[in-house]
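First the structure, in the form of structure tokens, and then the observations on it.
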Amino acid sequence: MRENSDIDPAIPLRARNGDSKAFAELVEFFHVRCLRYARYMLGDEEDAEEAVQDTFVRVYDHLGQFRPDARFEPWLFRILANRCRTSRERRRRRESLVVTGELPVVAASVASIAPEASRDVMEEVEAALECLPTEQREAFLLRHVEDLSYEDMAVITGVRLSALRMRVKRACDALRTRLQEEK
Amino acid sequence: MLDAHDELIEQAATTLRRRQRQNPRLVSQILDTVDGRPRRWYRAMTWPSAPFSLAATATLAAAGLLLGFLSSEATDVASARRAVATAPGAQVLPVVPAALSTSDATPVPVQFTLRDVRASQVALVGDFNGWSPTVTLLEPGTEPDTWSATVPLSAGRHVYAFVVDGRTWMTDPRAQKARDLDFGRENSVLIVQAP
């Protein structure tokens, strides 16, 4: 099921030409999806907001590099995906400095999402998603949640189509197994 | 390998898509952050349009006003010219930007010069002008096939490129290259030292 993810192609071009209202329209239109993607990739609301803000500021600063014949959506998600990777890496480094000798935060978060009878469906699915390796989670979200084509995903991730298809398949297999276990 | 239809996976994806929270505070923060950024500041300015000759550039560079340009090559304009005269294909000679004057309080004017025998229009794009190919157009220089523009830049690292005839993105072959992961494109790097 594809969400209404299409935006009038004239809007990014107007923003590119310095129309600040058009840029505001872009932010209004895409920030919800960007926040959702970042939240699922980073597992933290605050980090997600920071990544999305950073993404749009970067978009603003580099709109001149946006090709008029290109689609805006993959261009935006490419920047967002990179911001999320950077944020994860920064957090990993921070945690490796802070939690020496203690249970790493990542491990703790996985432990905390163990099955519970009271958890609702959303929490179950999010918990299963969180257990996926980062690359598989990224591929699954882009393909099945953001409903992007493999060609767009290749632009976003810089990964070959065959590798992306394999990542999505593995992610689906892992999610299916975990969700069936929950039932 | 196509995605097989899988009801459980579709349900999971539908569940995940339900997270759709408008965040007006974040939108305001983003718009406040970009409001008044250098891109707009730059657009509002009018730059001096007087071209500077290659000789003037080279002389000033030799006089010690050369900025901290990250190039492993010497700024040998004459040898670069000879290379252009004999090289087949694209004939491009970017001249190392050089400081024309310095001031403690204001950005440093930097001259960018490009030689391209086929160009009918050359624009300078960079992090200092919002990467806009319409903001900084180079003007024909005094030397044949030479284009130049002078841009005040703040101290620090700047990334730039040339856009020829509105469609050909061109790095400076004599400058250090930087690949931007977000945009997948190579650019040139310039370090402007504080006056």
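Those protein sequences? They're chains A and B, same order as listed.
Residue numbering for the first sequence follows the numbering used here, beginning at -1 and increasing consecutively.
Residue numbering for the second sequence follows the numbering used here, beginning at 695 and increasing consecutively.
By construction, the Cβ of each residue, glycine as well, lies at the ideal position given by its N, Cα and C atoms.
Less than 9 Å between CB atoms is the rule here; does Asp810 (chain B) satisfy it with respect to chain A? no
What does the alpha-carbon distance come out to for the pair Glu87 (chain A) and Gly835 (chain B)? 47 Å
So, Thr865 (chain B) versus Ser882 (chain B), is the Cβ gap smaller than 9 Å? yes
For Ser842 (chain B), three-class secondary structure by DSSP: strand
What separation, rounded to the nearest whole angstrom, lies between the Cα atoms of Met184 (chain A) and Arg711 (chain B)? What is shown of chain A runs -1 to 181, which leaves residue 184 (chain A) out entirely.
Could you list which residues in chain A have their beta carbon closer than 7 Å to that of Ser882 (chain B), in chain order? Near Ser882 (chain B) there are no residues of chain A at all, since even the closest Cβ is about 14 Å away, more than 7 Å.
Euclidean distance between Cα positions of Leu139 (chain A) and Ser160 (chain A): 17 Å
From the beta carbon of Met120 (chain A), is the nearest beta carbon of chain B less than 9 Å away? yes
Look up Gly156 (chain A) in the DSSP assignment and give the residues it is bridged to. DSSP output for Gly156 (chain A) lists no bridge partner at all.
Terminal residues of the alpha helix (DSSP H) in which Gln51 (chain A) lies: 43 to 59
If we count the other Cβ atoms within 10 Å of its Cβ and call it buried at 16 or more, is Thr708 (chain B) buried or exposed? exposed
List the residues of chain B whose Cβ lies closer than 9 Å to the Cβ of Phe75 (chain A), in chain order. Those do not exist, as Phe75 (chain A) stays about 11 Å from chain B at its closest Cβ, beyond 9 Å.
Check whether the stretch 848 to 857 of chain B touches the stretch 71 to 84 of chain A, taking contact to mean three or more Cβ pairs, one atom from each stretch, closer than 8 Å. no
Check the Cβ-Cβ distances between Asp59 (chain A) and every residue of chain B, and say whether any is below 9 Å. yes
Short of 6 Å in beta carbon distance, which residues of its chain neighbour Leu173 (chain A), apart from the five on each side in sequence? Order them along the chain. Ala126
Which stretch, first to last residue, makes up the beta strand (DSSP E) that contains Phe856 (chain B)? 850 to 858
Can you tell me the Cβ-Cβ gap for Pro10 (chain A) and Phe64 (chain A), rounded? I've got them flagged as a contact below 8 Å. 6 Å
I believe Thr155 (chain A) touches Glu136 (chain A) by the beta-carbon criterion, under 8 Å. Please report the beta-carbon distance rounded to the nearest angstrom. 7 Å
So, at 7 Å on beta carbons, what are the nonlocal neighbours of Arg734 (chain B) in its own chain, with the 5 sequence-adjacent residues on each side left out? Confidence in Arg734 (chain B) is poor, its pLDDT being 35 and thus under 50, which makes the residue's placement unreliable; the coordinate value appears in the next sentence. Nothing listed; no residue qualifies.
Near-chain A residues of the stretch 824 to 835 of chain B - C-beta to any C-beta below 9 Å: Gly824, Trp825, Ser826, Pro827, Thr828, Val829
Look at the Cβ atom of Tyr35 (chain A), then the Cβ atom of Phe70 (chain A), and state whether they are nearer than 9 Å. no
Bounding residues of the alpha helix (DSSP H) (the contiguous stretch that carries Val819 (chain B)): Run containing Val819 (chain B): none in the alpha helix (DSSP H); it sits in the beta strand (DSSP E), 816 to 820.
Does the beta carbon of Arg711 (chain B) sit closer than 9 Å to a beta carbon anywhere in chain A? yes
Start-to-end residues for the beta strand (DSSP E) that takes in Leu808 (chain B): 802 to 810
Grab the span of the alpha helix (DSSP H) containing Thr862 (chain B) for me, first residue to last. Careful: Thr862 (chain B) lies outside any alpha helix (DSSP H), inside the beta strand (DSSP E) at 862 to 864.
Beta-carbon proximity check, Val157 (chain A) vs Pro72 (chain A), cutoff 9 Å: no
Can you name the residues that DSSP bridges to Pro834 (chain B)? B:Trp841
Simplified DSSP state of Leu847 (chain B), which is helix, strand or coil: strand
Decide if Ala79 (chain A) is buried, meaning its Cβ has at least 16 other Cβ atoms within 10 Å, or exposed. buried
Tell me, please, whether the CB atom of Gln63 (chain A) is closer than 9 Å to any CB atom in chain B? yes
Tell me Val886 (chain B)'s beta-bridge partners as DSSP assigns them. B:Gly850
Would you identify the three-state DSSP class for Gln178 (chain A), choosing helix, strand or coil? helix
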